[in-house]
Amino acid sequence: MRRRSRCSTSRRATWACSSLSRTSARWCGTRRRAPEASPMSSTISARATVPAPAPRRRWAAHVFTLAFLAVWEAASWVLPPFLLPGPGEVAVGLYRFLGNPHQLWHLVVSIGHVLGAIALSFVIGALLALLPYYFPVWRFAIQHRLAPLLNAFPGVGWTLLAVMWFGINSGAVIFAISAVLVPFALVNLWAGLNNLDGELLEMSRSYTRARGRQFRLVIVPLLYPFVFATLRIMFGVAWKVTLTAELFGGNSGLGYVINMARQDFDTTTIFVAIVLIVLFVYGTDRLVFSPLQNRLSRHYAQ
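In structure tokens form, the structure reads like this:
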């Protein structure tokens, strides 16, 4: 996607231009008849108009889930409990975990690690993406030197370095997670900046030369879909990295709980922590990100 079409940005253009000038708002209003649609808007619109799964598909999903649980239960009868506990044992362990305030505190700590790392890495990635956008002299250094380095650097390496530099604490965990997430923010936001509507930006410059106002009223609203996609990706990746970071460099959190359970051969607690993370991530995606996706679809895919 090299360029946003006039159709997908007309609504945003009208809003941004109205903040700059009434005349620009009228000018942008005449752009709504463009027939083309950008790939981004088409993708979002397609997701918004996907029909609900048919009853057969829902039943197939339920049957698959029940079959998975049945196979799991059958395997737990064959293998010893310290290798594979059954789903019933895991459910009981999950109930006890949620009823223990001390154990719940580890869940809260892990959520804090994830949110703190996402916020820090998003700010750093946004600054690194904006630097070559406003100062092209830095474009080659960031795109062809820094970004490949961050993408190739292993997450375990960041974790071990964080432990050596900061010790075993929450700071080391947040640093390790942030280092892994920064390239996601950098690459996605840079792609969003490259796909801004050039004509709209040129028009906004004719009404104001203040870069701060142009950034706040024009660029930021146009980047909303990319910002949302970036945060959604980072949230899922962060939980995958958090366990490793807490396992090696944390003194609290679900990764720390798994480490303690591993030493005691408490496989049930390990399964409980994993199931808890899966349920939390799935619930957040369905209850938070999906409604936001629908709102963005209605707002931007017209």
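Quick note, the sequence shown lines up with residues 1 to 302 if you use UniProt numbering.
Glycine is no exception: its CB is placed at the ideal position from the N, C-alpha and C atoms.
From a predicted model like this one, the values you see are computed outputs, not experimental measurements.
Closest residue to residue i among the options (Cα-Cα distance)
| i | options | result |
| --- | --- | --- |
| Ser76 | Leu287, Thr267, Gly283 and Pro291 | Thr267 |
| Glu246 | Arg139, Val109, Gln214 and Ala129 | Val109 |
| Leu128 | Leu254, Pro183 and Arg232 | Pro183 |
| Thr65 | Gly167, Gly116, Phe122 and Pro87 | Pro87 |
| Val278 | Gly157, His144, Leu94 and Ala185 | Leu94 |
| Ile111 | Leu79, Phe140, Phe235 and Val137 | Phe235 |
| Asp285 | Val237, Ile174, Trp138 and Ala74 | Val237 |
| Ala117 | Ala210, Ala172 and Phe82 | Ala172 |
| Pro291 | Leu243, Gln263 and Arg232 | Arg232 |
| Phe228 | Leu189, Gln143 and Val218 | Leu189 |
| Pro154 | Ala179, Val137, Met164 and Arg139 | Ala179 |
| Phe97 | Ile258, Phe140 and Tyr282 | Ile258 |
| Asn195 | Tyr133, Trp165 and Arg216 | Tyr133 |
DSSP state of residue i mapped onto helix, strand, coil
| i | result |
| --- | --- |
| Tyr224 | helix |
| Arg209 | coil |
| Phe153 | coil |
| Gln292 | Residue identity differs from the one stated: residue 292 is Leu in this sequence, not Gln. Correct three-state label for Leu292: helix. |
| Phe166 | helix |
| Phe271 | helix |
| Pro87 | helix |
| residue 316 | Past the edges of the chain, shown from 1 to 302, lies residue 316, and the structure says nothing about it. |
| Asp285 | helix |
| Arg11 | Residue placement at Arg11 cannot be trusted, given a pLDDT of 48 that sits under 50; what the coordinates show is reported in the next sentence. In this structure, Arg11 counts as helix in the three-state DSSP scheme. |
| Phe235 | helix |
| Pro183 | helix |
| Asn188 | helix |
| Gly171 | helix |
| Phe82 | coil |
| Gly249 | helix |
Residue range of the alpha helix (DSSP H) that includes residue i
| i | result |
| --- | --- |
| Thr65 | Pro55 to Val78 |
| Asn259 | Leu254 to Gln263 |
| His113 | Pro101 to Tyr134 |
Distance between residue j and residue i (C-alpha atoms, nearest Å)
| i | j | result |
| --- | --- | --- |
| Ile269 | His62 | Reading off the sequence shown, one finds Thr at residue 269, where the question assumed Ile. In a straight line, the C-alpha of Thr269 is about 26 Å away from that of His62. |
| Ser121 | Leu181 | 6 Å |
| Leu123 | Val90 | Per the sequence presented here, residue 123 reads as Val, with Leu not at that position. Going from the Cα of Val123 to the Cα of Val90 covers about 38 Å. |
| Leu222 | Phe135 | 20 Å |
| Ala152 | Arg145 | 11 Å |
| Pro85 | Arg56 | 32 Å |
| Glu199 | Arg205 | 10 Å |
| Arg262 | Tyr256 | 10 Å |
| Asn294 | Tyr224 | 13 Å |
| Leu104 | Ala273 | 11 Å |
| Ala67 | Pro101 | 34 Å |
| Phe82 | Val71 | 17 Å |
| Leu201 | Phe265 | 60 Å |
| Ala74 | Pro80 | 12 Å |
| Ile219 | Ser297 | 18 Å |
| Ser24 | Val187 | Any reading at Ser24 must be qualified, since the residue scores a pLDDT of 41, below 50, and its modelled position is unreliable; no value is offered. |
Residue i at chain D interface by Cβ criterion, 9 Å
| i | result |
| --- | --- |
| Val90 | Absence of chain D from the displayed structure is noted, only one protein chain being present. |
| request: Pair every Cβ in the stretch 237 to 252 with every Cβ in the stretch 152 to 170, then say whether three or more of these pairs are closer than 8 Å. | output: With the cut-off at 8 Å, the stretch 237 to 252 and the stretch 152 to 170 touch.
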